[in-house]
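Notes follow the structure.
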Amino acid sequence: MPRVTDDLFASVVSPVQGCLQKMAADVPSRLGDPVVYHLRAGEHRMLLNERIGSPMRLTWSGAIACTHCGRATKKSFAQGYCYPCFKRLAQCDTCIMKPETCHYHQGTCRDPVWGEKHCFQPHIVYLANSSGLKVGITRKTQMPTRWLDQGAIQALPILEVKTRQQSGLVEMLFKEEVADRTNWRAMLKGDVKPLDLCAERDRLFSLLNEGLGQLRDVHGADAIRSLDETPLDFHYPVATFPSKVTSHNFDKQPLIEGTLQGVKGQYLIFDTGVINLRKFTGYEIVVG
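Numbering (my numbering), first residue to last: -3 to 284.
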């Protein structure tokens, strides 16, 4: 298979064409306005908020490019990588999904320089409300992007830690009392009820005080620092939420079209179904 390039569709007239990237989501300039979304394909960007209520078509060419090395691949791994990169890169190692299993100290990190840059940085443990209460972790520099990608309507940072591994250990503790995953179907239906995240934080701190103390004894009192932040609220550009969620899949259906009814998380919501664009990172498409 030849290397994928954005020239594949040079003869096709389309406002956006190229290999999909994760949608860009930005907090609006005015409080209460919806999150601002841009679809990204190759070097092109399309403002999606202004497309709500209009017909839209996405066509996959059948080509996929690795988001790291650019080579053509028949299958995408870990949301956009070819198999060699998936097996080689530190960002594709299992410890990224399970940071408490970090093995840097064992000398077996796939790329120590990458690990030092991304994992040995301040991380935030947070509570969010995407489909109900959940706990999560993210690099401090990824706020609020992480919450927007999850379709959270509320988020509250509760702890700051010094490393990704420490954030994973804290998350493991909190998972004894609260979920760490989003029910994406419930999130997309839009019937999520607001929560008092400050009250939930205080409740969890009380329940898990002993466990947090033990982690501070091991890693240092200043390594796991409690935060006193104000909850954030997010609104999404959705005209109509689906009553029943059915998903589109480029691998089964290369042409997806319908009226765009909204955008939430990394999902496009059509009157014909929903599609998680992040899942298809690297897929070469034409958008019309």
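For glycine and all other residues, C-beta sits at the position ideal for the given N, C-alpha and C.
Note that this is a predicted model, so its numbers are computed, not measured.
Residues near residue i by beta carbon distance below 7 Å, same chain, minus five either side
i	result
residue 271	243, 244, 252, 263, 264
residue 65	78, 81
residue 28	231
Cross-strand partners of residue i (DSSP beta bridge)
i	result
residue 77	73
residue 131	123
residue 229	150
residue 56	281
residue 33	21
residue 45	Its beta-bridge partners do not exist; DSSP assigns none.
residue 68	61
Option in the options with minimal Cα separation from residue i
i	options	result
residue 145	112, 17, 279	17
residue 115	201, 131, 97, 129	97
residue 20	48, 43, 179, 14	43
residue 56	35, 13, 69	13
residue 259	15, 237, 106, 158	237
residue 221	282, 120, 140	120
residue 160	71, 112, 37	112
residue 49	178, 182, 177, 268	268
residue 181	206, 205, 100, 147	147
residue 109	143, 85, 37	85
residue 139	22, 45, 185	22
residue 224	218, 212, 197	197
Residue-chain proximity (residue i, chain C), Cβ-Cβ < 8 Å
i	result
residue 69	The displayed structure is made up of one protein chain only, and chain C is not part of it.
Classification of residue i by the beta-carbon crowding that lies within 10 angstroms, buried from 16 upward
i	result
residue 233	buried
residue 214	exposed
residue 4	Note that residue 4 scores a pLDDT of 39, beneath 50, so its modelled location is shaky; the value from the coordinates is reported in the next line. Classification for residue 4: buried.
residue 193	buried
residue 152	buried
residue 206	exposed
residue 25	exposed
Own chain partners of residue i with C-beta closer than 6 Å, once the 5 adjacent residues on each side are dropped
i	result
residue 53	253, 284
residue 69	60, 62, 78
residue 250	56
residue 179	127
residue 212	220
Where residue i falls: helix, strand or coil (DSSP)
i	result
residue 235	coil
residue 222	strand
residue 205	helix
residue 116	coil
residue 183	helix
residue 18	strand
residue 93	helix
residue 246	coil
residue 260	strand
residue 40	strand
residue 85	coil
residue 253	strand
Chain-order list of residues whose beta-carbon lies under 8 Å from that of residue i (same chain, five-residue window excluded)
i	result
residue 266	52, 244, 252, 253, 254, 255, 256, 257
residue 175	128, 129, 130, 131
residue 117	135, 136, 137, 159, 160
residue 133	95, 119, 120, 121, 122, 160, 163, 164, 166, 167
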